[in-house]
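Engineer: Per full-length UniProt numbering, numbering of the sequence shown is gapless, rising by one per residue and ending at 179.
Even for Gly, the Cβ is constructed at its ideal location relative to N, Cα and C.
This is the structure I want to talk about, given as structure tokens.
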Amino acid sequence: MTIGIRARLRNGHNKGSMSGSNVEETSEQTHGREIKHTTRGRGKKDKSCDAIASMEARLAKVELAMANTREGVDLIKQGMEKDLEDLREWIQDLREGMMEALATQMESRDQEVRQELAIYKRYFEAIALNDETTKVRTTTLYLTDTTTLWWHQRFADMKKNICTIETWEDFKKEIKRQF
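Below is the structure:
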């Protein structure tokens, strides 16, 4: 039936007044064209495949970025482990250096104490001092620096009966133990 309408419109045969209507223009525009039939499911399927391919490409990029990040983290971790090992070695070197310095200082202080005691011994022999208590009292008059502080603390302890230093041997033992 549409073929008949088209033929009439082409021949200019009008039944009723259809002239000037859009139907004429439309029919002439569509004349000679073939209608392509598409399956609705197939068009959507193509779009879905494209979306999946796009998502897979994005996923591959994300996985690559994650792998690169893991490599970076591993490198940072290795660097930190090396830095930590270097720090431990540095601390150990400092400890050894401090211990050596402390040992040297203690040896030096020990030598000073021994020399002072030798000087006191010679002094006591020179003045013929044999009383042990007098030796201790006389020695304390010549103490200097830290030794003086140590003696003041010991003297306070002796007044409180916490410790006793009555003989020259007690004094030598205490001063050697302290310094």
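Do threonine 167 and glutamate 132 have their C-beta atoms closer together than 8 Å?
Structural biologist: yes
Engineer: With H, G and I counted as helix, E and B as strand and the rest as coil, what does DSSP make of tyrosine 142?
Structural biologist: coil
Engineer: Expressed to the nearest angstrom, what Euclidean distance is found between the alpha-carbon atoms of isoleucine 76 and glutamine 92?
Structural biologist: 24 Å
Engineer: Excluding five sequence neighbours on each side, which residues of the same chain lie with their C-beta closer than 8 Å to the C-beta of isoleucine 165?
Structural biologist: Val136, Arg154, Met158, Phe171 and Glu174
Engineer: Please report the residue range of the alpha helix (DSSP H) in which glutamate 174 lies.
Structural biologist: 168-178
Engineer: Within 10 Å of its beta-carbon, does tyrosine 142 have 16 or more other beta-carbons around it, so buried, or fewer, so exposed?
Structural biologist: exposed
Engineer: Hey, would you say threonine 138 sits closer than 8 Å to leucine 149, going by beta carbons?
Structural biologist: No.
Engineer: Can you tell me whether tryptophan 151 is buried or exposed? The criterion is at least 16 other CB atoms within 10 Å of its CB, across all chains shown.
Structural biologist: buried
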